[in-house]
Amino acid sequence: MGEDAVSSTPAVKKRYAMVGTGGRSNFFYSAIATTYNATSCIVGLCDTNQTRLDYANNRLEALGHVKVPTFLAADFDKMIATTKPDEVIVTTIDRTHHIYIVRALELGCNVVTEKPMTIDAPRCREIFSAVERTGNAVRVTFNYRYAPHNTKVFELLRSGAIGKVTSVHFEWLLNTSHGADYFRRWHRDKRNSGGLLVHKSTHHFDLVNFWLQTRPVSVYAQGDLKFYGKENAESRGITKFYTRTRGSEVAKEDPFALDCEEVPTLKALYLDAEHEDAYHRDQSVFSDGISIEDTMNLLVRYRNGAVMTYSLTAYAPWEGFRVNFNGTGGRIEVEVVENSYVNSGGDQSLEGSLEKSTILLRPLFEKPREVEIDEVKGAHGGGDSVLLNDLFGEPVSDEYMRAASHIDGAASILTGIAANRSIATGQVVYVDDILKVPG
Numbered sequence: 015m016g017e018d019a020v021s022s023t024p025a026v027k028k029r030y031a032m033v034g035t036g037g038r039s040n041f042f043y044s045a046i047a048t049t050y051n052a053t054s055c056i057v058g059l060c061d062t063n064q065t066r067l068d069y070a071n072n073r074l075e076a077l078g079h080v081k082v083p084t085f086l087a088a089d090f091d092k093m094i095a096t097t098k099p100d101e102v103i104v105t106t107i108d109r110t111h112h113i114y115i116v117r118a119l120e121l122g123c124n125v126v127t128e129k130p131m132t133i134d135a136p137r138c139r140e141i142f143s144a145v146e147r148t149g150n151a152v153r154v155t156f157n158y159r160y161a162p163h164n165t166k167v168f169e170l171l172r173s174g175a176i177g178k179v180t181s182v183h184f185e186w187l188l189n190t191s192h193g194a195d196y197f198r199r200w201h202r203d204k205r206n207s208g209g210l211l212v213h214k215s216t217h218h219f220d221l222v223n224f225w226l227q228t229r230p231v232s233v234y235a236q237g238d239l240k241f242y243g244k245e246n247a248e249s250r251g252i253t254k255f256y257t258r259t260r261g262s263e264v265a266k267e268d269p270f271a272l273d274c275e276e277v278p279t280l281k282a283l284y285l286d287a288e289h290e291d292a293y294h295r296d297q298s299v300f301s302d303g304i305s306i307e308d309t310m311n312l313l314v315r316y317r318n319g320a321v322m323t324y325s326l327t328a329y330a331p332w333e334g335f336r337v338n339f340n341g342t343g344g345r346i347e348v349e350v351v352e353n354s355y356v357n358s359g360g361d362q363s364l365e366g367s368l369e370k371s372t373i374l375l376r377p378l379f380e381k382p383r384e385v386e387i388d389e390v391k392g393a394h395g396g397g398d399s400v401l402l403n404d405l406f407g408e409p410v411s412d413e414y415m416r417a418a419s420h421i422d423g424a425a426s427i428l429t430g431i432a433a434n435r436s437i438a439t440g441q442v443v444y445v446d447d448i449l450k451v452p453g
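Quick look at the structure:
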């Protein structure tokens, strides 16, 4: 549908324009077109790639929503002027989040953005300045806050079940399906994603900020590329290599290869669209050009005095996390096992869905007991459906205050940004120094 077409929607609905129509965008526009079509509607789509725009528009129509005007990225301002959205949903690649967040705010819209809010301190400062100048709001979609097991941890800590928290040990494991996928895509270039300590760990650092109701003070980190990449593969005796799966005979022997031809959504979004932008979704995880780490370890001190040890491994045999809290009154032990997935490689409701979760409370001088969790089925431990209702459903109060602002978005990425600086310098980095303007 052309730019001059305008959808007919009741005035009572909140109007959303979306920029970025890759894999993550479907999460938002599908919910608006179906579950929340009484309260919300899409009025415009924007992307660098017309093929992906057309795919999203066709999906909207298939879901019962009218087709909407589409705009290439250079016409973002025109989209806002033409379609007059109340809010803009940003699901572009991470390094461009700030461009659309800032411009949407300046054009009078509130913003809903995928995590991470942005990837470095200068971009973060731009967003803060735009919020202050315009008075408009930014919402960061931290879906893990809404997962019932994570909310239960918050409840336990808030209740004082283990007294004052003194230390946290947090280990997150990405398996050889989901974890490997970051090394096939644009994320593999740190200039695009800030590395996994920003792109992925922003979830985890936000959870700790949320659970402890505090902010990071200092970070010391070490990280390296230990598994993926050509050099590591060569050291393990691999001698056959390829650049991408499509057209490669060598890829047929590689269990890490992703054949987008076999997955209709991946084919439509990427293979059928690459003639426009030369973006290859199926790159080899053992090729050159990877500039992000796959093995990361941090030591973080918080304002409330707690200290966290954190580990992220991107080539584990299972997916999920373990987090343990030590306090003056006992200990909480959490283990969550998630089902494996590839972004846009199947049913989105299964992305990060639970295989199992347990919370064990160990009070001092008492027997340990397992804590009951009211689990919800669905993606990201059941958090996605709760988040979507908070975003697009009828407004209700949330006793847990899980909605995340630009301040929360900054607090989570600053841990990762400080970690990246610490890895580069070998020094402890103080988070307050990150946002200071040089000179």
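Residues in the sequence shown are numbered from 15 upward in steps of one, following our numbering.
All C-beta atoms in this analysis are idealised placements derived from N, C-alpha and C, irrespective of residue type, glycine included.
- Message: I believe L313 touches Y234 by the beta-carbon criterion, under 8 Å. Please report the beta-carbon distance rounded to the nearest angstrom.
- Response: 5 Å
- Query: Does the distance from the CB of T216 to the CB of S426 come in under 8 Å?
  - Reply: yes
- Task: Output yes or no for whether 8 Å exceeds the beta carbon distance between L119 and V125.
- Result: yes
- Message: Runs of 3 residues minimum, wholly inside the region 86 to 117: which ones carry the beta strand (DSSP E) assignment?
- Response: 101 to 104
- Task: With a cut-off of 8 Å on the beta carbons, I'd call V348 and V167 a contact; round off their distance for me.
- Result: 6 Å
- Going straight from the alpha carbon of T323 to that of H183, what length do you get? 5 Å
- Message: Residues in the same chain with beta-carbon distance under 7 Å from I437, minus the five sequence neighbours each way, listed in chain order, please.
- Response: A235, Q236, G237
- Given a threshold of 16 other Cβ atoms within 10 Å of its Cβ, counted over all protein chains shown, does R198 qualify as buried or as exposed? buried
- What is the DSSP secondary structure of V183, reduced to helix, strand or coil? Residue identity differs from the one stated: residue 183 is His in this sequence, not Val. DSSP places H183 in strand when its eight states are reduced to three.
- Item | Close-in-space but distant-in-sequence residues of the same chain around A433 (CB under 6 Å, 5 per side omitted) | L211, V233, A235, L312
- Task: Round the Cβ separation of R315 and L285 to the nearest angstrom and send it over; I've been treating them as touching at under 8 Å.
- Result: In fact, because the Cβ distance is near 46 Å, the residues do not count as touching under 8 Å.
- Report back the beta-carbon spacing between V385 and E369 to the nearest angstrom; my notes put them in contact at under 8 Å. The Cβ separation is near 18 Å, so there is no contact.
- Query: Taking Cβ to Cβ, would you say T180 is nearer than 8 Å to G341?
  - Reply: yes
- Item | Length at least 3, wholly inside the region 255 to 326: the beta strand (DSSP E) runs in chain order | 309 to 316
- Query: Would you call the region 275 to 290 and the region 56 to 65 touching, i.e. three or more CB-CB distances under 8 Å?
  - Reply: yes
- Query: Considering only the beta carbon of each residue, do R301 and T372 sit closer than 8 Å?
  - Reply: At residue 301 the sequence reads Ser, which differs from the Arg that was named. Contact flag unset, no.
- Determine the contact status of E161 and L375, defining contact as a CB-CB distance below 8 Å. Per the sequence presented here, residue 161 reads as Ala, with Glu not at that position. In this structure, L375 does not lie closer than 8 Å to A161 by Cβ.
- Task: Inspect the CB distances between the region 269 to 285 and the region 201 to 211 and report whether three or more fall short of 8 Å.
- Result: no
- Query: For the beta strand (DSSP E) that contains V152, what are its first and last residues?
  - Reply: 152 to 154
- Tell me where the beta strand (DSSP E) around S232 begins and ends. 230 to 238
- Indicate the three-state DSSP secondary structure (helix, strand or coil) for S39 in the structure shown. helix
- If I'm right that R117 touches F90 with Cβ under 8 Å, what's the distance once you round it to whole angstroms? 6 Å
- Item | For E128, the three-state DSSP class (helix, strand or coil) | coil
- Message: With DSSP as the reference, identify every bridge partner of C60, one or two as the case may be.
- Response: V33, F85
- Query: Pairing CB atoms from the region 413 to 426 with CB atoms from the region 96 to 113, are three or more of them under 8 Å?
  - Reply: no
- Would you say I387 and L170 are within 8 Å of each other, going by their C-beta atoms? no
- Under 6 Å Cβ to Cβ from T48, same chain only, skipping five residues before and after it: list those, please. L77
- Message: With the cut-off set at 8 Å, would you say E333 and S367 are in Cβ contact?
- Response: no
- Message: Looking only at its chain, what residues have a beta carbon closer than 8 Å to the beta carbon of S191, apart from the 5 residues adjacent to it on each side?
- Response: E333, S354, Y355, V356
- Item | Assigned secondary structure, S249 (DSSP; H/G/I helix, E/B strand, else coil) | helix
- Message: Buried or exposed for E128, going by 16 or more other Cβ atoms inside 10 Å?
- Response: buried
- Residue closest to A144, alpha-carbon to alpha-carbon, out of C123, N318, G208: C123
- Query: What are the start and end residues of the alpha helix (DSSP H) that includes L171?
  - Reply: 162 to 173
- Query: When the distance is taken between beta carbons, is W186 closer than 8 Å to F335?
  - Reply: yes
- Message: Taking only three categories from DSSP, how would you classify P136?
- Response: helix
- Message: Does G319 pass the burial test, meaning 16 or more other C-beta atoms within 10 Å, or should it be called exposed?
- Response: exposed
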